[in-house]
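Visitor: In the working numbering, the protein residues as written are 1 to 205.
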């Protein structure tokens with residue numbers, strides 16, 4: 001008896017409504033110009049985070065480079081995949097990771113196509129990919145292009161950064177203390193941990 005077929009993670013119609021990277025970036029810019037950010041919570045703190053995140057993404061868009069190993073793995077891809085990325089404009093981890101995901105996809109010769117969904121508008125999907133019971137983002141869902149079934153998923157951050165978060169939470173660190181520490185870690189890491197973990201995934205596709 002054959003095992004039951006795996007259901008699609010998302011419908012083609014819903015996938016078609018997702019943002020492109022350029023549209024996602026433009027949305028954040030437009031909202032910030034209005035003193036707003038993405039999501040339900042429109043606090044001054046989150047808006048300030050979103051403003052900083054625009055600078056972080058612009059820097060990575062210009063300066064982040066893929067490793068030769070990543071490019072070699074992308075060159076060997078023979079199948080196509082849809083990369084669904086659950087994110088929000090105010091999320092600091094997303095600002096450090098989303099531009100890297102986009103660079104990887106754009107270097108894949110069309111094999112990897114990105115689609116951006118806002119977490120708070122897609123909680124039914126988010127709640128199927130919780131991290132320790134939390135709606136942590138960004139979350140990358142890698143789907144087979146022909147069936148939209150799941151190949152694998154990744155996120156919300158590299159293992160070393162996740163461990164740092166857990167250690168600081170256990171020590172009672174404030175959000176501000178954690179944010180300063182984690183963004184310092186990302187700056188020193190220069191996207192290498194993110195790329196290394198995603199390299200293992202790309203090689204296995």
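All residues carry an ideal CB built from backbone N, CA and C; glycine is no exception.
(1) What do you reckon, is the C-beta of residue 120 under 8 Å from a heavy atom of the ligand MN?
(2) On the three-state DSSP scale, how would you describe residue 65?
(3) Mind reading off the beta-carbon distance from residue 178 to residue 116? Whole number of angstroms is fine, and I expect it under 8 Å.
(4) Relative to the C-alpha of residue 33, which residue among 47, 94 and 121 is closest?
(5) Nearest to residue 159 by CA position, among 59, 133, 191 and 122, is which residue?
(6) Among 74, 157 and 164, which has the Cα closest to the Cα of residue 130?
(7) Quick one: measure Cβ to Cβ for residue 90 and residue 39, integer angstroms, because I've assumed they're closer than 8 Å.
(8) Excluding the 5 residues flanking residue 153 on each side, which residues of the same chain have their C-beta closer than 7 Å to its C-beta?
(9) Compare the Cα-Cα distances from residue 96 to each of 200, 188 and 204 and report the closest residue.
(10) Please go through the same chain and pick out, in chain order, the residues whose beta-carbon is closer than 7 Å to the beta-carbon of residue 204, but skip the five residues on each side of it.
(11) If residue 94 sits next to residue 102, beta carbons under 8 Å apart, how far is it from one beta carbon to the other, in whole angstroms?
(12) For residue 9, which of helix, strand or coil comes out of DSSP?
(13) Using a Cβ-Cβ cut-off of 6 Å (strictly less than) and excluding sequence neighbours within five positions of residue 20, which residues of its own chain qualify?
(14) Helix, strand or coil: which one does DSSP assign to residue 157?
(15) Can you have a look at residue 108 and say buried or exposed, based on whether 16 or more other CB atoms are within 10 angstroms of its CB?
(16) Within a Cβ cutoff of 7 Å, which residues of the same chain sit near residue 80, ignoring the five residues on either side of it in sequence?
(17) Cβ atoms of residue 54 and residue 22: under 9 Å apart, would you say?
Guide: This is what the structure holds:
(1) This structure lacks the ligand MN; in fact it carries no ligand of any kind.
(2) coil
(3) The pair is not a contact, with the Cβ atoms about 25 Å apart (cut-off 8 Å).
(4) 47
(5) 191
(6) 157
(7) 6 Å
(8) 129, 139, 140, 141 and 142
(9) 188
(10) none
(11) Going by Cβ atoms, the distance from residue 94 to residue 102 rounds to 12 Å, so no, they are not a contact pair.
(12) coil
(13) none
(14) coil
(15) buried
(16) 111 and 145
(17) no
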